[in-house]
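Enquirer: 218 is the number that our numbering gives to position 122 of the sequence shown; each next residue is one higher, with no gaps.
Virtual Cβ for every residue (Gly too), placed ideally from N, Cα, C.
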Amino acid sequence: MASNNPSETDANMTTGQEASPVPSGSTSSPKKSPQKRDQRSVSPEYDPKAGENRLRPAGDIINRITWDSAFERSNYVIGFVDRFEGQLEIIMGSWKKETTDEEFIPQHRVLYIRHTNGEIVWDRRRRIDKIFLSGNSAFSELAFLA
97 MASNNPSETD ANMTTGQEAS PVPSGSTSSP KKSPQKRDQR SVSPEYDPKA GENRLRPAGD
157 IINRITWDSA FERSNYVIGF VDRFEGQLEI IMGSWKKETT DEEFIPQHRV LYIRHTNGEI
217 VWDRRRRIDK IFLSGNSAFS ELAFLA
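Here's what the structure looks like:
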């Protein structure tokens with residue numbers, strides 16, 4: 097079958113293949129062989145996560161306190177931002193995780209988690225995490241080694 101496209105005709109003549117008919121209305125193009133992705137040279141000593149100690153999310157802290165037998169859920173208070181009333185606190189025992197619950201509070205609104213004795217165990221703004229020692233807490237806990 098002959099093709100009206102000169103570049104297609106030239107390509108077919110050099111490969112010795114005839115152009116395969118494409119049904120009208122079809123938008124599929126001929127399959128291309130997979131190409132190698134751009135391999136950028138990155139120095140082996142560069143690790144974007146190595147220079148910083150990321151703070152664990154509030155959800156990890158809440159889950160650890162909830163499921164680890166070393167912690168008592170009723171001994172912790174969650175400080176969060178309410179859209180209308182500002183900063184509020186709620187006892188972790190009454191925290192609603194179900195998104196369909198009317199009293200549900202999204203985890204991105206959590207500002208801090210503290211023990212009922214007043215000790216802050218997790219704080220987003222100050223990057224404190226005394227449960228997993230992530231954020232700035234890892235550096236302050238290990239400062240005695242320096």
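Please state if the CB of Y208 and the CB of R220 are separated by a distance shorter than 8 Å.
Expert: yes
Enquirer: Do W191 and I157 count as a contact pair if the criterion is CB distance below 8 Å?
Expert: I157 places its beta carbon 8 Å or farther from that of W191.
Enquirer: What residues are listed by DSSP as bridge partners for Y224?
Expert: At residue 224 the sequence reads Ile, which differs from the Tyr that was named. Its beta-bridge partners are D219.
Enquirer: How many Å lie between N213 and T162 at the Cα?
Expert: 18 Å
Enquirer: Is it buried or exposed for L151, if we count other Cβ within 10 angstroms and need 16 for buried?
Expert: buried
Enquirer: Where does D156 sit, in a helix, a strand or coil, going by DSSP?
Expert: helix
Enquirer: Have a look at R205, K193 and R169 and flag the residue whose alpha-carbon is nearest the alpha-carbon of E181.
Expert: Distance from the Cα of E181 is smallest, within the candidate group R205, K193 and R169, for R205.
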